[in-house]
Structure formats: C-alpha cells, structure tokens
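Below: one structure, written as structure tokens.
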Amino acid sequence: MVVKSPDPKEHIKDLEEIFTQFRKYDMRLNSNKCVFKSFREKFLGFMLTHRGIEANLDKCKVIIQMKSHQNIKEVQRLTRRLTSLSRFLPRAAEKARPFF
Numbered sequence: 001m002v003v004k005s006p007d008p009k010e011h012i013k014d015l016e017e018i019f020t021q022f023r024k025y026d027m028r029l030n031s032n033k034c035v036f037k038s039f040r041e042k043f044l045g046f047m048l049t050h051r052g053i054e055a056n057l058d059k060c061k062v063i064i065q066m067k068s069h070q071n072i073k074e075v076q077r078l079t080r081r082l083t084s085l086s087r088f089l090p091r092a093a094e095k096a097r098p099f100f
C-alpha cells in the first residue's frame, strides 16, 4: 500500500483515516515491512519518487549487462525483460513485435 498526499498535514490526516480502517477491520501491519517518510522506494518492481513512478535501475542494469543474444530464445528473454520497462520506452510493443 502506498499513501501519497499533497502536503505533510494532509498526509497525517490520510494516515489517520487508513489506520482507523485497519483497526475497524482488525487488520495488522508488519512493522518490519513498513516504510514511512520515504522519498524514494522500490514498490512492485518500480521506483516511487516525488516525481512519480520511475524505472528500477537494477532492472535496467541487468538488461544492459546481458551478453549478445545467440538464438531466438535469448532474444525472447530480452523482450520479456523489456516488457516490465515498456511504460518508459516509447512504442516498445511496436518495436518488439517481430520477436514474437
């Protein structure tokens, strides 16, 4: 779960509402997995920042460091990895179509 608010006062109010709902339905959070006041955090494979959703640099590095592809299976593996970053690549589906 991610809670983002326009300003700190509004954020406290939003968190209070969410915690009220948790208590109402007897839900608990794992404190080891909670992060508060984070300006940059990994979430569902992406980076969340004050600018919004960004590509995860770790995933980009894996793609950049891949060896040259020798067969169709390796090319398809590359296109699957690029799929997760497609929202950041203009016309990604159009460019990858010949590989499928």
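If you're matching positions, the sequence shown starts at 1 in UniProt numbering and goes up one per residue.
Cβ coordinates follow ideal geometry from the N, Cα and C atoms, glycine included.
As the structure is a prediction and not an experimental result, all values here were calculated from the model.
Straight-line CA distance for residue i to residue j?
{"i": "Cys15", "j": "Asn56", "result": "It should be pointed out that residue 15 corresponds to Leu in this sequence rather than to Cys. Approximately 26 Å between the Cα atoms of the pair."}
{"i": "Ala93", "j": "Leu78", "result": "13 Å"}
{"i": "Ala96", "j": "Val3", "result": "34 Å"}
{"i": "Gln70", "j": "Phe88", "result": "26 Å"}
{"i": "Arg91", "j": "Met66", "result": "22 Å"}
For residue i, does the three-state DSSP call read helix, strand or coil?
{"i": "Phe46", "result": "strand"}
{"i": "Arg81", "result": "helix"}
{"i": "Arg23", "result": "helix"}
{"i": "Arg97", "result": "helix"}
{"i": "Arg51", "result": "coil"}
Check each candidate in the options and name the one with the smallest Cα separation from residue i.
{"i": "Phe36", "options": "Tyr25, Arg51, Lys24, Ile12", "result": "Ile12"}
{"i": "Lys61", "options": "Ile53, Leu85, His50", "result": "Leu85"}
{"i": "His50", "options": "Ser38, Ser31, Ile64", "result": "Ser38"}
{"i": "Cys34", "options": "Phe19, Lys24, Tyr25", "result": "Phe19"}
key: Given 8 Å, three or more beta-carbon pairs between the stretch 40–50 and the stretch 68–76   = Too few Cβ pairs lie closer than 8 Å, so no.
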